[in-house]
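Below is one structure, written out as structure tokens; the observations come after it.
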Amino acid sequence: MTIVSYAGITRPGFLLAHPELPVLVYCKLQLNSTSALRIPSNDMKRTEVTRFRCYVAERTFESTSVGSTLSNTGNVRLGRKQRSSSSLYSRPSLLEMKNEKIANRAKVYEFLRGIGIVPDELDGLELPVTTEVMRERVDFLHNLGLTIEDINNYPLVLGCSVKKNMIPVLDYLGKLGVRKSTFTEFLRRYPQVLHASVVVDLDPVVKYLQGMDIKPNDIPRVLERYPEILGFKLEGTMSTSVAYLVGIGLARREVGGVLTRYPEILGMRVGRVIKPFVEYLESLGIPRLAVARLIEKRPHILGFGLEEQVKPNVGSLLEFNVRKSSLPSVVAQYPEIIGIELKEKLLGQQCLLHSVIDLGPEDFGRVVEKMPQVVSLSRLPIVKHVDFLKDCGFSLQQVRAMVVGCPQLLALNLDIMKHSFDYFQVVMERPLDDLVTFPAFFTYGLESTIKPRHKRVAKKGMKCSLSWLLNCSDEKFEQRMEYDTIDMEEMEMPSFDMNTLTEPRSEDSASDYDDSDDEHI
């Protein structure tokens with residue numbers, strides 16, 4: 001039987017019809033006599049349950065009639081099962097979830113404020129949903145030595161998971177050789193490392209450093225000194241800074257040693273920092289190759305601010321009577337002089353030397369030219385050396401002349417000076433005026449130079465000045481011993497030679513420089 005626009009349930013004696021279906025709906029009544037069930041009733045009669053199936057817009061809907069108990073089923077369920085609000089499988093609405101998230105974050109913020117952390121910068125950052133997890137992160141950072149102040153300086157560190165971020169990064173650094181005792185300072189300077197991926201971010205940088213000839217054993221020290229390097233792009237500032245330095249004359253085989261001692265170079269921009277610094281030193285009269293050699297030996301000079309330190313210090317040198325023509329020699333002898341708090345030191349040393357040996361402003365300028373390290377000498381050594389010279393029999397005027405001629409006298413080892421003076425008086429039997437004329441006598445080794453040369457000259461019966469005797473290389477001295485007469489033009493005071501910085505390197509040159517200052521300081 002075909003029914004159009006009606007759904008019907010059959011029961012003996014009447015027809016229950018529902019005319020709610022759309023007109024264009026195709027319904028097919030399917031009777032299944034085998035689905036009859038036995039349902040007890042008051043008259044114990046067998047009641048037949050008939051099932052039918054409707055096809056509406058290609059969806060199947062089912063309805064079942066059960067005897068007279070369906071008298072209240074005025075609405076047939078068509079395609080949708082209505083869900084009770086009390087169902088065990090009900091889910092919270094989006095609004096409920098949002099409100100719950102806001103409430104949890106408020107609790108976390110309240111916890112952070114309670115321990116002194118300002119969470120204002122954490123808005124938008126994914127944080128733990130419970131205060132217990134956040135407490136775990138804070139405690140872990142405390143165990144690393146970080147304080148509440150440190151966390152407030154970079155509160156985004158609280159977005160790092162202990163297990164997923166912090167522990168893997170710290171384990172990697174430890175395996176490289178970074179000392180645990182340095183972790184606190186390491187993280188204070190570069191807390192962003194805790195966000196990094198070991199494989200994607202950290203390991204490629206370490207491999208790049210090794211490619212720059214930094215020895216594996218030196219990698220940990222490099223990272224400890226300059227942890228920010230772990231955040232640089234490989235093909236950015238790091239590669240260009242090294243390429244520029246090599247271009248101006250820095251030996252390629254010295255790169256590893258230079259970067260090991262001053263890795264901050266890798267973070268310097270060529271156009272803003274390195275190139276202007278190099279060009280300024282060139283403008284003072286220092287050859288470009290000599291600048292490269294200075295950087296090889298003292299790479300930290302690149303960290304001196306050009307406008308803040310270097311230029312003002314050069315101005316101070318000129319103000320204290322250092323001649324402009326002597327500036328290249330001053331900087332080359334003592335590169336640190338352009339990076340220290342110089343003006344106060346110059347003023348202090350000028351006053352000190354004036355009070356001790358009555359040194360005038362012009363002579364003070366000559367002293368700085370010959371030994372710029374004098375600006376860093378303390379008062380006590382200066383006074384002791386002046387007293388020693390006075391005890392040797394020199395007048396104040398002679399002491400002043402000796403200091404102006406060879407300021408190194410104020411910094412030499414006093415015991416060595418005493419031995420050299422005793423040999424000068426007892427064996428060489430020379431007048432004190434010879435030392436006034438050539439005070440650099442005290443700078444030569446007694447056993448290595450003074451004694452053997454004096455014996456050679458005395459054996460030959462020659463009379464010569466101390467300058468002629470000492471102020472030359474061993475090879476030159478052998479040539480002089482062939483002379484029949486002494487060339488007075490060779491009797492000059494020793495001075496700094498800029499050419500020593502531009503001479504070709506030997507093939508076995510290495511980058512094992514001593515980081516200490518001049519031996520006279």
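In this text, residue positions in the sequence shown follow UniProt numbering: the first is 1, and each later residue adds one.
Note that beta-carbon positions come from the ideal geometry of N, C-alpha and C, so glycine has one too.
- A distance of 8 Å or more separates the beta carbons of GLU254 and GLU282.
- Annotated as proximal: VAL436 and MET402, with beta-carbon spacing under 8 Å.
- Short of 8 Å from the beta carbon of VAL246, and not among the five residues preceding or following it, lie these beta carbons of its own chain, in chain order: ARG252 and VAL255.
- Straight-line measurement puts the Cα of GLY305 at about 9 Å from the Cα of LYS311.
- Excluding sequence positions up to five before and after ASN104, its CB lies within less than 8 Å of the CB of VAL129 and THR130, all in the same chain and listed in chain order.
- Each residue's CA atom was taken as its position, placing GLN350 and GLY393 some 25 Å apart.
- Distance between LEU396 and SER355, taken at the CA atoms: about 12 Å.
- Counting only runs of 4+ residues, the alpha helix (DSSP H) found wholly inside the stretch 81-157 occupies 94-114, 131-143 and 148-153, in chain order.
- Contact between the stretch 181-190 and the stretch 224-231 is present: 3 or more CB-CB pairs across the two stretches fall below 8 Å.
- Taking the Cα of MET371 as reference, the smallest distance to any Cα among ALA106, ASP422, LEU317 and VAL118 is reached at LEU317.
- Going by C-alpha positions, LEU346 is about 6 Å away from VAL375.
- Going by C-alpha positions, LEU122 is about 53 Å away from PRO287.
- In the three-state DSSP reduction, SER239 falls in the helix class (H, G or I).
- Bounds of the alpha helix (DSSP H) holding LEU470 are 466-470.
- Here GLU149 is exposed, its C-beta having fewer than 16 other C-beta atoms within 10 Å.
- According to the DSSP assignment, PHE477 belongs to the alpha helix (DSSP H) that extends over 474-480.
- Ranked by how close their Cα comes to the Cα of THR443, the residues GLU136, LEU469, ILE416 and ASN143 have ILE416 in first place.
- Approximately 7 Å separates the beta-carbon atoms of LEU294 and ALA332; this is inside 8 Å, confirming the contact.
- Short of 7 Å from the beta carbon of ASP218, and not among the five residues preceding or following it, lie these beta carbons of its own chain, in chain order: THR260.
- LEU353 has its alpha-carbon roughly 8 Å from the corresponding atom of PHE364.
- Pairing LEU266 with GLY257, the inter-Cα distance amounts to about 13 Å.
- In this structure, ARG456 lies away from MET428, with their beta-carbon atoms at least 8 Å apart.
- Here TYR262 is buried. Its C-beta has 16 or more other C-beta atoms within 10 Å.
- If you draw a 10 Å sphere on the C-beta of ILE151, you find 16 or more other C-beta atoms in it, and that means buried.
- Just so you know, the alpha carbons of LEU410 and GLY271 end up roughly 41 Å apart.
- Within the same chain, TYR262 come within 7 Å of HIS300 by CB-CB distance, once the 5 residues on both sides are set aside.
- Sequence-distant Cβ neighbours of PRO439 in its own chain, meaning closer than 7 Å and more than five residues away, are MET402, GLY405, CYS406 and LEU409.
- Scanning the stretch 323-355 for uninterrupted alpha helix (DSSP H) segments of 4 residues or longer gives 327-333, listed from N- to C-terminal end.
- By the beta-carbon neighbour count (other beta carbons within 10 angstroms, threshold 16), ALA292 is buried.
- Counting the other Cβ atoms within 10 Å of the Cβ of SER420 gives 16 or more, which makes it buried.
- Under the 10 Å beta carbon count, SER325 is surrounded by fewer than 16 other beta carbons and is classified as exposed.
- Under the three-state reduction of DSSP output, SER448 falls in the helix class.
- The stretch 166-180 makes contact with the stretch 193-208, as at least three CB pairs between them are under 8 Å.
- Put simply, of THR237, VAL138, LEU125 and HIS454 the residue whose alpha carbon is nearest the alpha carbon of ARG430 is HIS454.
- Per the C-alpha coordinates, the member of ILE357, MET97, LYS107 and SER93 positioned closest to VAL383 is ILE357.
- Apart from the 5 residues on each side of it in sequence, ASP434 sits with its Cβ closer than 6 Å to the Cβ of LEU466 in its chain, given in chain order.
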